[in-house]
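Here is the structure we will look at, set down as structure tokens.
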Amino acid sequence: MTTESMPTPTKAETAQTPRSLARARKRRSVARFWREYRGHRSGLWGLAALALIALVALFAPQLVGADSQSVTGAPGGALESPSGEFPLGTDQFGRSVLALLVWGTRVSLTVGLLAAFLCVAIGTVVGIVAGHFHGWYSTVLMRITDWFLVMPTLVLAIALATVMDRSMWTVIIAIGVTTWPTTARLVRAQTLAVESRPYIERARALGGGHGHIMVRHVLPNVMPLVLAQTTLVISSAILTEATLAFLGLSDPTTTSWGGMLQDAREAGAVSAGDWWYLAPPGIAIALVALAFTLCGRAIESVLNPKLGVAR
């Protein structure tokens with residue numbers, strides 16, 4: 520082909536910078552991801568449920584009032600059954616169970632999100648470092664990971680929550696530092712697969728250091744796996760938080776779904792058959808965990824079509 524026959528670049532094409540091209544590629548990737556995600560009906564149901572729950576948590580003070588958690592001046596009697604005034608009945612102090620359920624959404628979601636973020640952050644760093652470096656670095660990291668992996672997660676979380684102060688941050692730390700090994704192993708396996716590709720060898724030949732390869736080449740390629748793992752870890756973190764709260768190891772001054780179950784047990788709701796005090800927080804925990812799991816499975820299916828997850 521001669522120079523005269525070659526197409527002349529348009530003004531728009533010549534005006535594009537590498538940064539604008541990168542942004543355009545990202546926009547196309549996001550649009551393609553959303554188009555494929557919409558094909559998973561279960562994922563859409565989970566996303567809609569999470570959006571509704573997030574709105575409830577965000578506007579909790581406007582929905583039920585800022586003083587609905589106070590035990591002084593409670594509007595109802597102790598353990599009243601559901602009625603028009605109290606759709607889900609009252610607790611042992613006369614507070615509306617529905618109002619407590621709405622307030623508990625905030626704490627449960629906050630603990631689940633932050634604990635999952637801490638877990639995934641630790642697992643991602645350990646997995647990338649263990650997969651990139653070889654020799655005793657990788658051996659030591661993976662032996663520590665194996666130790667945490669074989670130890671019962673709930674037992675470790677209970678031990679940490681027992682020796683630390685009873686607060687929401689204690690629960691977050693206890694969950695985050697005990698549930699990262701699975702993420703670390705997944706990220707390490709993906710790191711080994713990424714670093715076996717030819718462009719990693721070219722990056723090393725061009726003088727790319729360890730930090731450059733891990734941050735610029737490995738991390739972007741493991742992020743889809745990390746994103747899918749995060750949505751699955753959140754549901755597990757919410758369940759663990761509810762368990763710790765039910766065992767009395769969370770902050771007693773905050774209202775959470777697990778704490779509501781603990782209060783219901785102490786109030787004798789189990790023996791008295793006061794189902795309206797027990798069922799709502801348990802159902803809420805199950806629904807949120809299910810919603811995050813549905814979203815996580817849909818994301819995993821989009822990022823890895825070979826899994827063939829049912830739509």
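Going by this note's numbering, the letters in the sequence shown line up with residues 520 to 830, in that order.
C-beta atoms are modelled at their ideal positions from N, C-alpha and C, and glycine is treated no differently.
According to DSSP, is Thr750 helix, strand or coil?
Taking the sequence shown and counting its residues from 1, one reaches residue 750 at position 231. DSSP, reduced to helix, strand and coil, places Thr750 within a helical segment of the structure shown.
Going by alpha carbons, who is nearest to Ala597 out of Ala791, Leu744, Leu633?
Residue mapping note: residue 597 aligns to position 78 of the sequence shown, counting from 1. From the listed residues Ala791, Leu744, Leu633, the smallest Cα separation to Ala597 is found for Ala791.
Met779 lies in the alpha helix (DSSP H); which residues open and close that run?
Position 260 of the sequence shown, counting from 1, holds the residue named residue 779. Met779 -> alpha helix (DSSP H) spans 776 to 785.
Between the alpha carbons of Leu540 and Ala593, how many angstroms are there, rounded?
Here residue 540 refers to the residue found at position 21 when the sequence shown is read from its first residue. Here residue 593 refers to the residue found at position 74 when the sequence shown is read from its first residue. Distance between the alpha carbons of Leu540 and Ala593 is about 60 Å.
In chain order, what residues of the same chain have a beta carbon less than 7 Å from the beta carbon of Ala680, not counting five sequence neighbours either side?
Here residue 680 refers to the residue found at position 161 when the sequence shown is read from its first residue. Excluding sequence neighbours, Ala680 sits near Thr689, Val690, Ala693, Leu763, Leu768.
Suppose contacts are defined by Cβ-Cβ distances below 9 Å. Is Gly631 in contact with Thr774 by that definition?
Along the sequence shown, read from residue 1 onward, the residue named residue 631 stands at position 112. Along the sequence shown, read from residue 1 onward, the residue named residue 774 stands at position 255. No, the pair does not count as a contact, with Cβ atoms beyond the cut-off.
In whole angstroms, what is the alpha-carbon distance linking Ile732 and Ile719?
Locating residue 732 in the sequence shown gives position 213, where the first residue counts as 1. Locating residue 719 in the sequence shown gives position 200, where the first residue counts as 1. Per the coordinates, the alpha-carbon of Ile732 lies some 7 Å from the alpha-carbon of Ile719.
Distance, Asp793 Cα to Leu633 Cα:
The residue given as residue 633 occupies position 114 in the sequence shown. The residue given as residue 793 occupies position 274 in the sequence shown. Rounded to the nearest whole angstrom, the CA to CA distance from Leu633 to Asp793 is 33 Å.
Starting from Phe667, trace the alpha helix (DSSP H) in both directions and tell me its first and last residue.
If you number the sequence shown from 1, residue 667 lands on position 148. Per DSSP, Phe667 belongs to the alpha helix (DSSP H) from 655 to 669.
Return the chain-ordered list of same chain residues with a C-beta closer than 6 Å to the C-beta of Met525, the five sequence neighbours on each side being excluded.
Here residue 525 refers to the residue found at position 6 when the sequence shown is read from its first residue. Confidence at Met525 is low in this model, with a pLDDT of 47, below 50, so its placement is unreliable and the value that follows should be read with caution. Sequence-distant Cβ neighbours of Met525 in its own chain, meaning closer than 6 Å and more than five residues away, do not exist here.
In the DSSP assignment, what are the bridge partners of Thr609?
For the purposes of this step, residue 609 is identified with residue 90 of the sequence shown, where counting begins at 1. According to the DSSP secondary-structure assignment, Thr609 is paired through a beta bridge with Ser615.
Give the single residue among Gly654, Thr749, Thr702, Lys545 whose Cα lies nearest to the Cα of Gly642.
Position 123 of the sequence shown holds residue 642. Checked all of Gly654, Thr749, Thr702, Lys545; the closest Cα to Gly642 is Thr702.
Range of the contiguous alpha helix (DSSP H) that encloses Phe652
Counting from 1 along the sequence shown, the entry for residue 652 is found at position 133. Neither: Phe652 is in no alpha helix (DSSP H) and is coded neither H nor E.
Alpha carbon of His729 to alpha carbon of Tyr796, nearest angstrom:
Translated into the one-based positions of the sequence shown, residue 729 becomes position 210. Translated into the one-based positions of the sequence shown, residue 796 becomes position 277. Note on geometry: alpha-carbon atoms of His729 and Tyr796 lie some 55 Å from one another.
Would Leu744 pass as a contact of Gln709 if the rule is Cβ separation under 9 Å?
One-based indexing of the sequence shown puts residue 744 at position 225. One-based indexing of the sequence shown puts residue 709 at position 190. Result yes, Cβ atoms of Leu744 and Gln709 sit closer than 9 Å.
Which of helix, strand or coil DSSP assigns to Met742
What you label residue 742 is simply residue 223 of the sequence shown in a count that begins at 1. Here Met742 sits in helix by DSSP.
Look at the Cβ atom of Leu711, then the Cβ atom of Gly650, and state whether they are nearer than 9 Å.
Translated into positions along the sequence shown, residue 711 becomes position 192. Translated into positions along the sequence shown, residue 650 becomes position 131. Going by C-beta atoms, Leu711 is nearer than 9 Å to Gly650.
To the nearest whole angstrom, what separates the beta carbons of Thr555 and Val821, a pair I think is in contact under 8 Å?
Against the sequence shown, residue 555 aligns to sequence position 36. Against the sequence shown, residue 821 aligns to sequence position 302. Checking the sequence shown, residue 555 turns out to be Glu, not Thr. Between Val821 and Glu555 the Cβ distance is about 5 Å, and since that is below 8 Å, they are a contact.
Pick from Val621, Glu599, Met683, Ala570: whose alpha carbon is nearest that of Ser587?
In the sequence shown, counting from the first residue as 1, residue 587 sits at position 68. Cα-wise, what sits closest to Ser587 is Val621.
Ala747 burial status per 10 Å Cβ neighbour count (16 or more: buried):
Counted from its first residue, the sequence shown places residue 747 at position 228. By the C-beta density criterion, Ala747 is buried, having at least 16 other C-beta atoms within 10 angstroms.
Of all the options Leu668, Val644, Leu675, Phe765, which has the alpha carbon lying nearest to the alpha carbon of Val734?
The residue labelled residue 734 in the question sits at position 215 within the sequence shown. It is Val644.
For Ser555, does the three-state DSSP call read helix, strand or coil?
Taking the sequence shown and counting its residues from 1, the one referred to as residue 555 is at position 36. For the sequence presented, residue 555 should be read as Glu rather than Ser. Glu555 falls in the helix class under three-state DSSP.
Taking 8 Å as the threshold, find out whether the stretch 801 to 814 comes into contact with the stretch 562 to 576 through three or more Cβ pairs.
Segments in contact, yes.
Please report the distance separating the alpha-carbon of Met683 from that of Ser627.
As a first step, residue 683 is located in the sequence shown; it is residue number 164 there, counting from the start. As a first step, residue 627 is located in the sequence shown; it is residue number 108 there, counting from the start. Distance from the CA of Met683 to the CA of Ser627, rounded to the nearest whole angstrom, comes to 20 Å.
Is the beta carbon of Gly613 closer than 9 Å to that of Glu472?
Residue 472 falls outside the range modelled here, since the chain spans only 520 to 830, and no answer is possible.
Just verifying my parser: in three-state terms, what is the DSSP assignment at Val575?
What you label residue 575 is simply residue 56 of the sequence shown in a count that begins at 1. Here Val575 sits in helix by DSSP.
Would you mind giving the Cβ-Cβ distance between Leu516 and Met779, rounded to the nearest angstrom? I have them listed as a contact below 8 Å.
What is shown of the chain runs 520 to 830, which leaves residue 516 out entirely.
If you draw a straight line from the alpha carbon of Val575 to that of Leu569, how long is it in whole angstroms?
Start at 1 with the first residue of the sequence shown, and residue 575 comes out as number 56. Start at 1 with the first residue of the sequence shown, and residue 569 comes out as number 50. Rounded to whole angstroms, Val575 to Leu569 spans 10 Å at the Cα level.
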